[in-house]
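Report on the following structure.
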Amino acid sequence: MTRTLTAAATGAVVLLAGAAGAHAADAGPSAGLPEREQPVLIGHRGAAGTAPENTVAAFKDGRASGADFFEIDVQLSADGVPFLFHDNTPARTTNAAEVFPGREDDPITSFTWDELQQLDVGSYFSAKYAGERIPHLDDAARIATTQTGVYIEIKSPQNSPGVEAVVADALHGDPGWKKLVAAGKVEVLGFDAASNARFAELAPEIPLQQLAGTVPGEAELERLAGFVDSVGTNYRTLDQAAVDRVQAAGLEVGVYTVNAVDEMERALALGVERITGDFPIQLERYLDGRDPFPGGRGVSIQGAVNDAPGSDTQDQHGEHVVIVNEGAAPVDVSGYYLRDAANNVLSIGEGYVLEPGETLRVYSASGTDADDAYYNHGGAVLNNGGDSLGLWSAEGRLLDTFGN
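The working numbering runs 1262 ahead of the 1-based position in the sequence shown.
Now the structure itself:
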């Protein structure tokens, strides 16, 4: 859906692209598809929308969703141990600044395995996950099943020389990995084509995906088809011509990171075969014809203004998210919060009750609170090129997701 609303704070009319997560009443054509007709569904970094990314907790959420795979990011420690972590530095998702002062912006691969095990990778997400540790590659095999396997992204291979051989050796030698491989439940992917080619030589039997911010041209696709099976790309840049180009090369099409069912529907309408998202539990429920957000109270995300005229952080008029009460009863949204894909959080203060049909604008910057506006007095949150958001109740219940 596309909604238009008047932004009272600016007097401007703002077009809000994207949509809140569809519920049972407004399900699209892919809801309730038979299993054999559903896309391959992959939980991004485990299930990064509902648990701290690349942790055992996220892998368990990915497994609980019933998705086909959960995705992980593998790198090598300074002493050669394969560990699971996305970023090139520990600053964003760990307490490295406390444990190793001055090293928080150092390469994550400069830490030994023993040092990595001293870091907390759960508290940044919520206190519930305090004490989560960086997993070993083999932890993913331990959590996976022959129903929900593992998508292994080789992350920043230039920082982990030899990582392709380490992964291939694990898949060939470890009993847990061998069981998953035999069941067709392990695939490998990466942005670095040279790294992918190296891995293909070491383990040609493992399905391989080339990641790319935008779909390459025909000549490059023809070259890639010599060693990969699919191409994964950002859904926001994908069009029908690109899908047709990939499929004409004999490859499947995957997209990342799809965090709202409306965006999944758009991707599937283009012929996409593989969907990677931070919220596999909710996406899988939708595909199975169930309400993605059971027990919700009617409050959802109506839209987001990522790139406000002027400065995104200007007082009163900067970027903001709009929530709406689509239910039949008033809802006290005090303490509700919005979390984006990078784990930035916008909260709602006390005393906000939305009557049926009412909206509330939640700003990242400073301003004067009003009945229909709440200001967080912080910095910019939303990515101007598009972002995804989750809406959570004060008790930590996920109520809706949104992508634009």
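For glycine and all other residues, C-beta sits at the position ideal for the given N, C-alpha and C.
Hey, how far is the Cα of Gly1533 from the Cα of Asp1501?
10 Å
Could you tell me the alpha carbon to alpha carbon distance between Val1302 and Val1515, rounded to whole angstroms?
10 Å
Rounded to whole angstroms, what's the CA-CA distance from Leu1378 to Pro1291? Just pull it up for me.
45 Å
Does the Cβ of Ala1603 have 16 or more other Cβ atoms within 10 Å, making it buried, or fewer, making it exposed?
buried
What distance in whole Å lies between the Cβ atoms of Ile1396 and Phe1362, which are believed to be in contact at a cut-off of 8 Å?
Not a contact, Cβ separation roughly 13 Å.
Which runs of the beta strand (DSSP E) at least 3 residues long sit entirely within the region 1580 to 1633? Give them in chain order.
1582 to 1587, 1599 to 1602, 1607 to 1609 and 1621 to 1625
Apart from the five residues on each side of it in sequence, which residues of its chain come closer than 8 Å, Cβ to Cβ, to Arg1528?
Tyr1497
Use the C-beta contact count for Pro1466: other C-beta atoms within 10 angstroms, 16 or more gives buried, fewer gives exposed.
So Pro1466 ends up on the exposed side.
Using the C-alpha atoms, what's the distance from Thr1408 back to Ala1445?
6 Å
With a threshold of 8 Å between beta carbons, is Glu1484 in contact with chain C?
As a matter of chain content, chain C is missing from the structure shown, which is built from one protein chain.
Which ranges would you report for the alpha helix (DSSP H) in the region 1401 to 1488 if only whole runs of at least 4 residues count?
Unbroken alpha helix (DSSP H) runs of no fewer than 4 residues, entirely contained in the region 1401 to 1488, are found at 1425 to 1435, 1437 to 1444, 1455 to 1464 and 1480 to 1486, following chain order.
Evaluate the contact criterion for the region 1378 to 1394 versus the region 1305 to 1325: three or more CB pairs, one atom per stretch, below 8 Å.
yes
Are the beta-carbon atoms belonging to Gln1337 and Lys1417 less than 8 Å from one another?
With respect to Lys1417, Gln1337 sits close: the two C-beta atoms are nearer than 8 Å.
Where Ile1405 and Glu1546 are concerned, what is the direct C-alpha to C-alpha distance, given to the nearest angstrom?
19 Å
Element boundaries [beta strand (DSSP E), containing Ile1304]
Val1302 to Gly1305
Delimiting residues of the alpha helix (DSSP H) encompassing Phe1321
Val1318 to Ser1327
Does the beta-carbon distance from Ser1609 to Asp1540 come in below 8 Å?
no
Let me check understanding here. Comparing Cα to Cα, which of Asp1382, Val1624, Ser1457 and Ser1339 lies closest to Leu1399?
Ser1339
What's the call for Val1615, buried or exposed, on a 16-neighbour Cβ count within 10 Å?
Burial call: exposed.
With DSSP as the reference, please indicate the residues paired to Pro1344 in a beta bridge.
Leu1338
Identify, in the order they occur along the chain, each residue of the same chain with its Cβ nearer than 6 Å to the Cβ of Gly1551, setting aside the five sequence neighbours on each side.
Short of 6 Å from the beta carbon of Gly1551, and not among the five residues preceding or following it, lie these beta carbons of its own chain, in chain order: Ala1293 and Gly1294.
Apply the 10 Å Cβ neighbour rule to Gly1342 and answer buried if 16 or more other Cβ atoms are within range, or exposed otherwise.
By the 10 Å Cβ count, Gly1342 comes out exposed.
Going by other Cβ atoms of all chains shown within 10 Å of its Cβ, with 16 needed for buried, is Ser1372 buried or exposed?
exposed
Flag this pair as touching only if the region 1326 to 1336 and the region 1566 to 1577 have three or more C-beta atom pairs under 8 Å; answer yes or no.
Taking 8 Å as the limit for Cβ pairs, the verdict is that the region 1566 to 1577 does not touch the region 1326 to 1336.
Can you tell me where the beta strand (DSSP E) holding Leu1500 begins and where it ends?
Unbroken run through Leu1500: none, as it is neither H nor E.
Closest by C-alpha distance to Pro1720, when choosing among Gln1509, Asn1646, Ser1457 and Val1448
Because the chain is modelled from 1263 through 1666, residue 1720 falls outside the range shown and cannot be assessed.
Would you call the region 1655 to 1666 in contact with the region 1617 to 1630, where contact means no fewer than 3 C-beta pairs closer than 8 Å?
no
With Ile1543 as the anchor, note down where its alpha helix (DSSP H) starts and where it stops.
Pro1542 to Leu1549
Does the Cβ of Ala1456 have 16 or more other Cβ atoms within 10 Å, making it buried, or fewer, making it exposed?
Looking at its Cβ environment, which holds fewer than 16 other Cβ atoms inside 10 Å, Ala1456 is exposed.
Neighbourhood of Gly1665 by C-beta distance below 6 Å, restricted to the same chain and skipping five residues each side
The answer, listed in chain order, is Gly1280, Asn1521, Ala1522, Glu1525 and Ser1650.
Looking at the structure shown, is Leu1378 part of a helix, part of a strand, or coil, going by DSSP?
helix
Span separating the alpha-carbon of Ala1495 from that of Ala1504:
Correcting the residue type first, residue 1495 is Thr in the shown sequence and not Ala. Straight-line Cα distance between these residues: approximately 10 Å.
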